[in-house]
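Chains as they are written, first to last, in our numbering: chain A, -4 to 292; chain B, 135 to 402.
Virtual Cβ for every residue (Gly too), placed ideally from N, Cα, C.
It should be emphasised that the depicted structure is a prediction, and the values quoted were computed from it without experimental measurement.
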Amino acid sequence: MVLEDLFSVVKTRFNGDQKDEEKKKTDIPKDLMFKCPRCSNVAFMDDFVAIGKICPNCGYHARLSAAERLEVTADKGSFKEFDGGMISKNPIGFDGYPEKQEALRAKTGLKDAVITGEATIHGEKLVLGIMDSNYMMASMGSVVGEKITRAFEYATENKLPIVIFTCSGGARMQEGTISLMQMAKTCAAAQKHSQSGGLYITVMTDPTTGGVTASFASVGDIIIAEPKVLIGFAGRRVIEGTIKQRLPDDFQSAEFLLEHGFADMIVERRRLRRTIAHLIRLHKTDSRETGNGGTHL
Amino acid sequence: MNDLTASERLDLIRNKNRPTVRDYIPLLFDDFFELHGDRLYGDDGAVIGGIGYFKGMPVTVIATVKGRNLEENKASNFGMPHPEGYRKALRLAKQAEKFQRPVICLVDTSGAFCGIEAEQRGQGEAIARNLMEFSSLKTPIITVILGEGGSGGALALAVCDELAMLENALYSVISPRGCASILWKDASREKEACNVLKITAEDLTGFGICDHIIEEAVGGAQNGPEQTAENISEYICEALERKMKKSLDELLNERYTKFRKIGEFSEI
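Structure (structure tokens):
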């Protein structure tokens, strides 16, 4: 891995526009083939799905819906959802926002961009939050802010660890400054949980950006990222516009984050369940007495 | 009463004669000592921090600063902080907590800087850390938005006990320019976006985000920096009086609730 990194050539994207055009030209049946957004490799959809929606060529961990994530994460039948009926209003009277939400609710079966609840992983009890990029790119408005906050508060009250799978395009513009305030609200709740001695693990998935990166996603006690996913604060195009040059392809990747000291580890999807359970066990005060660190997992 | 639209206010607060933090600090504080650096990486010129007296009381001042001319703007990166600016702010806030000084934050920024180095040094983490730490800082925090309150870059100095805005100040989740380019793929329609986003002091008072509107000199702060500073000073004095007499528990609970209650949703 390290050797590979040493010799890897940093590709600049001077031909980006041309590449984009080529992409459009390639006619790939979407339901049969998967084209990796990181390495452009094309694989059979069945193969891609069979290995857990991971690019067989470069290992990019593609997006999962909240339901898919829940299925591969929590123990079967253990999830008890919180606040499943919460929906947002249209506080600034944003044109078309309620209609957009209605359409998305019908399409995705979600009420907003996050599900929260209590569950177990390998028998370890925890509070779980899972964001879903299919819903307005998992942007954070009132509902996401409130549900995440309540999840932290529940975890604090019940002395439970909390694990949040983050992905987001940022704060939800359609709710104006109210969505900005959700950043402060969630971080304040995370702080209370932290000060009560609770464990908070963030799992950053594709893509974690903007106001979510600049709030609860970045303040976990332990920050895990899935391989090759996009993680950053500002949008790539915004930065390219500011500095007037193309950015390297690996900019704002999970690996970039690890290199610069903003993530603890990159963990493959198939090892996440075990890793999370292991970490929770390591933070249990009674495991100190028994000395059972759970290495047998 | 101010009946300017949000986009007219945007013009006003970008007026090159509008007083900046550098104009206000000597008008608001005595014996101000600037303190530099985040002790981790460097000293960000976009954030000024220091200690001084406010009407005889020692306070910590933290501010994002725009320049009054090109030279000052080069030094202050046009008021757009890098992570080290937010980390300097946090260091000084923690210092204020230690010495039991209230913190006065003055905000005027179009946002946190977006660039390669900002990403390498963790712009997101720096802002997030401030939100988290300021929420439980054991000393009163008063924030005044003087002009532009640009998204997370402003919020990083605005987790506070009371938030006031100058009457023409704006506070938004996204720059009007950014909003226009997303909505209509046309950044030049920023004025329209400005009016859509509901970002004036009056709008935000309605949402429970802004606690107090500070009057500017007639026609805008540029017409009377001294008068405007006088109004800011009067407000800070009252706000500190309200907050200093509270017990620490009360202060922190109310700060938590101030943000906790913001959100518009229904449950079915």
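When rounded, the separation of the alpha-carbon atoms in Cys31 of chain A and Met126 of chain A is 21 Å. Rounded to the nearest whole angstrom, the C-alpha separation of Asp26 of chain A and Val67 of chain A is 22 Å. Our two residues, Thr115 of chain A and Ser191 of chain A, have alpha carbons roughly 21 Å apart in a direct line. Considering only B:Leu317, B:Ile279, B:Glu401, B:Gly258, the residue with the shortest C-alpha distance to Gly165 of chain A is B:Gly258.
With its beta carbon at least 8 Å from every one in chain A, Tyr175 of chain B lies outside the interface. Contacts with chain A at 8 Å (Cβ-Cβ) include Ile402 of chain B. Within the same chain, and ignoring the five residues on either side of Pro160 of chain B in sequence, the residues whose Cβ sits closer than 8 Å to its Cβ are Phe166. When the beta-carbon positions are compared, Thr334 of chain B and Ala140 of chain B come within less than 8 Å of each other. In the assembly as shown, Cys239 of chain B is a buried residue. Its beta-carbon has 16 or more other beta-carbons within 10 Å.
Taking one beta carbon from each stretch, the region 151 to 169 of chain A and the region 223 to 237 of chain B have fewer than 3 pairs nearer than 8 Å; the two do not touch. Beta bridge pairing from DSSP links Pro192 of chain B with B:Tyr187. By the criterion of at least three beta-carbon pairs nearer than 8 Å, the region 331 to 346 of chain B is not in contact with the region 195 to 210 of chain B. A buried status is given to Phe228 of chain A, since no fewer than 16 other beta-carbon atoms sit within 10 Å of its beta-carbon.
For the pair Thr172 of chain A and Tyr305 of chain B, the Cα-to-Cα distance works out to about 7 Å.
Within the region 370 to 389 of chain B, contact with chain A at the beta-carbon level (separation under 7 Å) is assigned to no residue.
The beta carbons of Thr277 of chain B and Leu291 of chain B sit about 6 Å from each other, so the pair counts as a contact at 8 Å. In this model, Pro215 of chain B and Arg148 of chain B are separated by some 18 Å (Cα to Cα).
At a beta-carbon threshold of 7 Å, the residues of chain A lying near Glu259 of chain B are Ser213, Phe257, ordered along the chain. The contact set of Phe393 of chain B on chain A, defined by CB atoms closer than 7 Å, consists of Met176, Ala179, Lys180, Ala183 in chain order. Of B:Val199, B:Gly245, B:Glu324, the smallest CA-CA separation from Val155 of chain B is found for B:Val199.
Membership of Ile218 of chain A in the beta strand (DSSP E) is indicated by the continuous run 217 to 220.
For Cys248 of chain B, the closest Cβ of chain A is nearer than 8 Å. Contact annotation for Glu282 of chain B against chain A: no contact, minimum CB-CB distance about 13 Å [criterion: below 9 Å].
Under DSSP, Glu401 of chain B forms a beta bridge with A:Met81.
When B:Arg152, B:Asp164, B:Phe212 are compared, the shortest CA-CA separation from Leu280 of chain B is found for B:Arg152. Using a CB distance cut-off of 8 Å, Leu331 of chain B counts as an interface residue toward chain A.
Look at Ser137 of chain A: its C-beta is under 8 Å from a C-beta on chain B. Rounded to the nearest whole angstrom, the C-alpha separation of Trp318 of chain B and Gly286 of chain B is 23 Å. Chain-ordered, the chain B residues with CB closer than 8 Å to the CB of Gln247 of chain A read Glu253. With a beta-carbon spacing of about 6 Å, Lys84 of chain A and Phe399 of chain B fall inside the 8 Å limit used to define contacts. For Ala209 of chain A, same chain residues with a beta-carbon under 7 Å away, outside a window of 5 residues either side, are Met178, Phe228 in chain order. In the same chain as Ala260 of chain B, and ignoring 5 residues on each side of it, the C-beta atoms closer than 6 Å to its own belong to Pro217, Tyr220, Arg221, in chain order.
Taking a contact to require three or more Cβ pairs closer than 8 Å, the region 232 to 246 of chain A and the region 263 to 275 of chain B do not qualify as touching. Per DSSP, the beta bridge partners of Ile110 of chain A are A:Ile125.
Out of A:Met132, A:Leu123, A:Ile87, the CA that lies nearest to the CA of Phe147 of chain A is found in A:Leu123. As DSSP reads the structure, Ala246 of chain B sits in no beta bridge.
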